[in-house]
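Just so you know, we're using this note's numbering here: the sequence shown kicks off at 1036 and counts up by one. All remarks here apply to the structure that follows.
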Amino acid sequence: GFRIGTAVAGGGHHVDQPYPDPFPNDRQYRRLVGQQFSSLSPENQMKWEFIHPEQGTYRFGPADEIVRFAQRHGQVVRGHTLLWHSQNPAWLEEGEFTKPQLRRILRDHIRTVVGRYKGKIQQWDVANEIFLDDGSLRTQDNIWIRELGPGIIEDAFRWAHQADPAAKLFFNDYGVESDNAKSDAYYALVQEFQAKGVPVDGFSVQAHLSTRYGFPGDLQANLQRFADLGVETAVTELDVRMDVPVGEQPTRAQQDQQADYYRQALEACLSVEGCDSFTLWGFTDKYSWVPVFFQGEGFATVMTEDFRRKPAYYAVAYRL
Ligand code: XIL
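Below, the structure written as structure tokens:
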């Protein structure tokens, strides 16, 4: 039942150009997506700005294509994401809506999107990045929490559960790999949801790691404390970025260090019961978001731009 996943590129940016393709029409890429992975995550294609670009208008094509591809290849899909502060369409962020209107907009979106893929999504990232690093809720930049209050998070889980009772519903965030203020906030919220009977099934860590910072050595213990609450855990967006001067390649030592991070992340997940989903945020540097978003960092995935396998690839493959 252990799933190894990748994000499927599309709708975002890589290196220095946007790629409009919903799913790169790249034979080598597609072959590897089909062969090497048992779970797929749409990197952008189910986000609000892509799937709901105009009010009341949905564009399902790219997400449909990924779900169909997964079904043909016997893969599961992680839905990403329903309630987030980022990558929302302008009509939503800049529109003038009353509170009841906004609530209806979110409810209808969740019913429509979750309902469309009912029975085809293993795990949904219902709420993404709802806490700041200090453990406080994002009450400023998250439109839903700001306008409707924290109770909207519960509503989102309830609506998602009604639309697809079989999908496992997750909190997902970055910077929660360790036991810290932010993961403590999730730990408390999971307990609160459980006490109230709100349908939450999982807590997942993105794991956008950098060799600038050490490996989060308490990852396993942190996942374990959530498992002990009775929820599933997952690693959902693993990449390990490195500092490499422009025009140069990572050194062998850097590649080995990166491989070690990948190995340790996998080891932590494998050691925790209920951590059955382990997803890389892309597997080739060809389509990685990292160099676009992190100045001076890159080479974060397990394959080079021309699909050569790095030490990190073997670290993961040999362990499985
Ligand atoms: C990133 C994508 O990889 C990029 O293509 C896009 O331009 C921006 O978003 N946390 C998340 C993901 O939950 O959705 C983000 O994905 C990376 C950080």
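Quick reminder that beta carbons are idealized off the backbone N, C-alpha and C, glycines included.
Residue of the options minimising C-alpha distance to residue i
i     : options                    : result
E1189 : A1242, L1118, D1341, R1151 : L1118
D1176 : F1037, S1076, M1338, Q1122 : Q1122
S1171 : A1198, Y1152, N1215, F1132 : N1215
A1350 : Q1106, D1291, E1212, R1062 : D1291
G1036 : L1315, C1310, T1133, K1345 : C1310
A1220 : G1249, D1253, E1164, P1251 : E1164
S1218 : P1185, G1249, K1203, D1253 : D1253
A1023 : V1043, E1340, R1298        : Past the boundaries of the shown model lies residue 1023; the chain is included only from 1036 to 1355, so the question cannot be answered.
F1104 : R1139, I1156, K1082        : I1156
Proximity below 8 Å, CB of residue i to CB of residue j
i     : j     : result
D1208 : F1166 : yes
V1266 : V1240 : no
D1160 : H1115 : yes
S1073 : R1113 : no
G1317 : S1323 : yes
P1059 : Q1080 : no
V1225 : L1264 : yes
T1319 : F1342 : yes
V1102 : Y1152 : yes
P1346 : A1294 : yes
K1203 : G1237 : yes
Q1158 : F1205 : yes
H1120 : R1066 : no
D1169 : G1210 : no
For residue i, the three-state DSSP class (helix, strand or coil)
i     : result
K1231 : helix
I1156 : coil
A1042 : strand
V1281 : coil
G1069 : helix
K1082 : coil
T1147 : helix
A1162 : strand
E1128 : helix
H1120 : coil
E1212 : coil
N1177 : coil
E1089 : strand
R1298 : helix
K1321 : helix
F1250 : coil
H1049 : Because H1049 carries a pLDDT of 49, less than 50, the predicted location of this residue cannot be relied on, and the following value inherits that uncertainty. Strand at H1049.
F1037 : coil
H1196 : helix
N1207 : strand
A1269 : strand
P1055 : Since pLDDT at P1055 reaches only 49, below the 50 mark, its modelled position is unreliable, and the value read off the structure follows with that caveat. Reduced to three states, the DSSP call for P1055 is coil.
P1326 : helix
S1312 : strand
S1218 : helix
V1225 : helix
D1291 : helix
G1096 : helix
D1061 : coil
P1077 : strand
Cβ neighbours of residue i in the same chain (closer than 7 Å, five flanking residues each side left out)
i     : result
L1355 : I1039
W1368 : Residue 1368 lies beyond the stretch modelled for the chain, which goes from 1036 to 1355, so this question has no answer here.
W1179 : L1118, L1141, I1187
Y1348 : V1337, M1338
P1135 : none
F1328 : none
E1128 : I1178
L1137 : E1182, L1183
E1212 : V1240, A1242, P1251, L1254, N1257
Close Cβ partners of residue i (< 8 Å) along its chain, the five nearest in sequence each way excluded
i     : result
V1307 : Q1255, L1258, Q1259, A1262, T1268
K1231 : E1189
G1154 : D1199, A1201
Beta-carbon proximity list for residue i, same chain, < 6 Å, skipping 5 on both sides
i     : result
G1069 : H1108
Y1064 : none
Q1052 : With a pLDDT of 46 at Q1052, under the threshold of 50, the predicted position of this residue should be treated as unreliable, and no value is reported.
A1335 : D1274, V1275, R1276, S1323, V1325
F1228 : V1235
P1285 : M1277, V1279, F1334
F1085 : G1046, N1079
T1271 : N1207, S1239, Q1241, T1314
Y1296 : L1244, F1250, V1275
- Message: Assess contact between the region 1187 to 1202 and the region 1136 to 1151, defined as three or more Cβ pairs (one per stretch) separated by less than 8 Å. Is contact present?
- Response: yes
- Message: Within 8 Å, do at least three Cβ pairs link the region 1265 to 1281 to the region 1232 to 1249?
- Response: yes
- Message: With three or more beta-carbon pairs closer than 8 Å as the criterion, would you say the region 1295 to 1314 touches the region 1255 to 1272?
- Response: yes
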